[in-house]
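Add 495 to the 1-based position in the sequence shown for the working numbering, that's all there is to it.
For each residue, glycine too, the CB sits at the ideal point set by N, CA and C.
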Amino acid sequence: MRDVKHLTTGTANDRMNVAPIWSADGKFIVYTQDQSKGTDSNVFLVDVVSAQSTLLTPHDGEYRYSASDVSPDGKRVLITSNAGDGYDNVGLLDIAGKKIHWLTQDKWEISGESFSPDGKFLTYSANVDGNTDLYLYEIASGKAHALPCRKE
């Protein structure tokens, strides 16, 4: 028989824990906790050994935060949130300081996707007027460019 360890216990009835993301070293999992109304959500980190959860996105009011990926070095989380300007935008959440560095500040639907294996780049998607484009963002320079679409 296999042992099962519950990592997220005591979640309120009006919330659900979704989209778990393992850290590269396997020591923690980042997950999103959604409110059933869909108007508020948070990002948590749970330590696998202790099962201790830590809120990474404390805030007042109703804002949506969702985790997309954990950086290869385990120091940052790529998030999507409407907390910056009311529109879904992409940010890098510093795990230690719980601070967000916004990468986009647009009035479109921007969504974080994933880090490159070396952690030097990340991708995000932008839905602009019904057309979704993928972007490659270089973390060191802060520069993004749309990835070309292959036409057949």
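- prompt: What is the residue span of the beta strand (DSSP E) that residue 527 lies within?
  reply: For residue 527, the enclosing beta strand (DSSP E) covers residues 523–530.
What does the alpha-carbon distance come out to for the pair residue 600 and residue 496? 50 Å
Check your understanding: Nearest-angstrom Cα distance between residue 545 and residue 626?
Key -> 44 Å
Where residue 603 and residue 531 are concerned, what is the direct C-alpha to C-alpha distance, given to the nearest angstrom?
24 Å
Where does residue 580 fall in DSSP's three states? coil
Practice item. Assuming residue 612 contacts residue 567 (C-beta within less than 8 Å), just tell me the rounded distance between them. Key: 6 Å
- Which residues in the same chain have their Cβ closer than 7 Å to the Cβ of residue 558, if we skip the five residues on either side of it in sequence? 535, 576, 577, 578
> Since residue 556 sits in a beta bridge, which residues does DSSP pair it with?
Replying inline: Residue 556 pairs with nothing; no bridge assigned.
Cβ distance (whole Å) where residue 538 is taken to contact residue 527 below 8 Å | 6 Å
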